[in-house]
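Student:
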Amino acid sequence: LSKQNLKGVAFQQSIVRNCDFSNSDLRGASFFDATLTDSNFENSNLENVNLEMAQLTRVSFKNAVVTDAYVSGATIFDGVKDVEGSDWSETYLRADQKKLLCNHPTAKGTNPVTGVDTRESLMCPN
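Heads up, our numbering is the position in the sequence shown plus 8, with the first residue counted as 1.
#1: Quick check on Ala103: does DSSP put it in helix, strand or coil?
#2: Using alpha carbons as the reference points, say which of Ser80, Thr43, Ala103 and Gly36 lies closest to Lys15.
#3: Does Gly93 pass the burial test, meaning 16 or more other C-beta atoms within 10 Å, or should it be called exposed?
#4: Per DSSP, Asp33 is paired with what?
#5: Keeping to the same chain, check which residues put their C-beta closer than 6 Å to that of Gly117; ignore five residues upstream and five downstream.
#6: Please tell me whether Cys27 has its Cβ less than 8 Å away from any Cβ of chain B.
#7: Using a Cβ-Cβ cutoff of less than 7 Å, which residues in the same chain neighbour Glu55 once the five nearest sequence positions on both sides are dropped?
#8: Would you give the residue range spanned by the alpha helix (DSSP H) that Ser129 belongs to?
#9: Out of curiosity, what's the CA-to-CA distance linking Pro133 and Cys27?
#10: If contact is defined by three or more beta carbon pairs under 8 Å, each pair taking one atom from either stretch, is the stretch 100-108 in contact with the stretch 57-72?
#11: Quick check: what's the CA-CA separation for Leu59 versus Ser52?
#12: Taking the straight line between their C-alpha atoms, what separation do you get for Ala18 and Asp46?
#13: Going by the beta-carbon positions, is the gap between Thr114 and Ile84 smaller than 8 Å?
Right, here's the structure in full:
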């Protein structure tokens, strides 16, 4: 699925493990209650994507635009693989989710598309 136009596509309640969504346009797509273990969203546009209740174990968001995304308290970020260079602006994260992402060793860099610093977009304390 790499380099695809998947705007608005519904993957809700799907099992999409080991899927390569890199360099794809996923604006407005829904991954509601989806299992995304080991999937790759590197360099993808995830603006307005629905990640409510999604399981994001070992998922890479490297250089992804994840702005205005829908995230719920049940969204599982534990074990996220990479957030370097990702932009999370205007995505509301629960305090524990934000802490987990801010403390991730890859929480650094600047998004190559938006020019926004990853840690600033996550509203990390320092």
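All C-beta atoms in this analysis are idealised placements derived from N, C-alpha and C, irrespective of residue type, glycine included.
Tutor: Taking the structure as given:
#1: helix
#2: By alpha-carbon distance to Lys15, the top candidate from Ser80, Thr43, Ala103 and Gly36 is Gly36.
#3: buried
#4: Asn13 and Asn53
#5: Glu92, Gly93 and Thr126
#6: Checking the listed chains, one finds no chain B in this structure; it contains a single protein chain.
#7: Arg35, Val73, Thr75 and Asp76
#8: Thr126 to Ser129
#9: Spanning the two alpha carbons is a distance of roughly 33 Å.
#10: Touching, no, given that fewer than three Cβ pairs across the two stretches are closer than 8 Å.
#11: 14 Å
#12: 19 Å
#13: no
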